[in-house]
Amino acid sequence: MITRRAVLAAAVFLATKSSAEQEGFVMTPASDLEWSYLADTVMGGVSQGGARMEAGVLRLSGTVSTANRGGFIQARTEMPAGLPPDATALRLRVRGNGERYFVHLRTTRTLLPWQYYQQGFETGPDWAEVTLPLAGFSASGRMMAGQIRPSDIRSIGIVAYGRDHLADVSVAALGAV
Numbered sequence: 058m059i060t061r062r063a064v065l066a067a068a069v070f071l072a073t074k075s076s077a078e079q080e081g082f083v084m085t086p087a088s089d090l091e092w093s094y095l096a097d098t099v100m101g102g103v104s105q106g107g108a109r110m111e112a113g114v115l116r117l118s119g120t121v122s123t124a125n126r127g128g129f130i131q132a133r134t135e136m137p138a139g140l141p142p143d144a145t146a147l148r149l150r151v152r153g154n155g156e157r158y159f160v161h162l163r164t165t166r167t168l169l170p171w172q173y174y175q176q177g178f179e180t181g182p183d184w185a186e187v188t189l190p191l192a193g194f195s196a197s198g199r200m201m202a203g204q205i206r207p208s209d210i211r212s213i214g215i216v217a218y219g220r221d222h223l224a225d226v227s228v229a230a231l232g233a234v
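All the letters of the sequence shown, read from the start, carry residue numbers 58 to 234 under our numbering.
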């Protein structure tokens with residue numbers, strides 16, 4: 058269910074400047090967005106974890122297990138209005154436990170639960186800004202469009218995925234550039 062708060066938070070997110078070169082680039086604090094937790098247990102997997110706000114920062118943590126055809130935990134925020142049409146990348150302020158994490162984008166064209174666009178990013182113990190060009194996202198299947206239209210994006214997921222590991226990643230803010 059998309060709440061009024063989610064729509065307002067998306068509007069704040071969309072109000073960010075559309076170019077990294079513009080002075081005063083603004084990122085939306087993760088605490089201004091509504092996040093939901095999702096794990097592979099919806100399809101029989103056994104990964105465990107949670108997503109919570111800690112001191113204004115989204116923290117996704119848990120144990121990712123590929124047992125029983127599983128392998129992910131995720132925190133997702135809805136973007137009902139998409140991103141600005143001229144957006145070329147996402148920017149995140151992140152830190153983590155040194156593991157590789159992913160952003161999953163769902164669009165108006167990803168109708169099945171296993172369809173998404175994915176791009177990875179590295180983490181470390183210190184806060185860092187990561188820029189993920191939209192052109193660098195890969196489709197999860199061959200039947201999907203190759204390019205993402207920013208205005209078609211409907212959700213952004215922070216995901217621990219694909220291998221057995223302990224997950225611990227925090228996101229302070231996101232923006233579109």
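Cβ atoms here follow ideal geometry from the backbone N, Cα and C, with glycine treated the same way.
Would you mind listing the beta strand (DSSP E) stretches within the stretch 163–192 that are 3+ residues and don't spill past its ends, in chain order? 174–179, 185–190
Short of 7 Å in beta carbon distance, which residues of its chain neighbour F159, apart from the five on each side in sequence? Order them along the chain. Sequence index remark: in the sequence shown, residue 159 carries index 102 (1-based). Contacts found: Q175, Q176, G177, V216, Y218.
Quick one, which of A233, V234, A229 has its alpha-carbon nearest P86's? In the sequence shown, residue 86 corresponds to position 29, counting from 1. Closest by alpha carbon: A229.
For L140, which residues from the same chain have a beta carbon less than 7 Å from its beta carbon, with the 5 sequence-adjacent residues on both sides left out? Stepping through the sequence shown from its first residue, residue 140 is reached at position 83. Within the same chain, L140 has close Cβ partners L71, P207, S208, I210, A233.
Looking at the structure shown, is P141 part of a helix, part of a strand, or coil, going by DSSP? Position 84 of the sequence shown, counted from the start, is the residue given in the question as residue 141. Three-state DSSP puts P141 in coil, outside helix and strand.
Residue range of the beta strand (DSSP E) that L90 falls in? To locate residue 90, count along the sequence shown from 1; it is residue 33. Unbroken run through L90: none, as it is neither H nor E.
Residue of A192, E179, L169 minimising C-alpha distance to R150: Along the sequence shown, read from residue 1 onward, the residue named residue 150 stands at position 93. The shortest C-alpha separation from R150 is found at E179.
With C-beta atoms as the reference, is T120 less than 8 Å away from G106? Position 63 of the sequence shown, counting from 1, holds the residue named residue 120. Position 49 of the sequence shown, counting from 1, holds the residue named residue 106. Result yes, Cβ atoms of T120 and G106 sit closer than 8 Å.
What distance in whole Å lies between the Cβ atoms of L115 and S212, which are believed to be in contact at a cut-off of 8 Å? Here residue 212 refers to the residue found at position 155 when the sequence shown is read from its first residue. Here residue 115 refers to the residue found at position 58 when the sequence shown is read from its first residue. Wrong, their Cβ atoms sit about 14 Å apart, outside the cutoff.
Pull up the DSSP beta-bridge partners for V151, would you. The residue labelled residue 151 in the question sits at position 94 within the sequence shown. Its beta-bridge partners are A185, V228.
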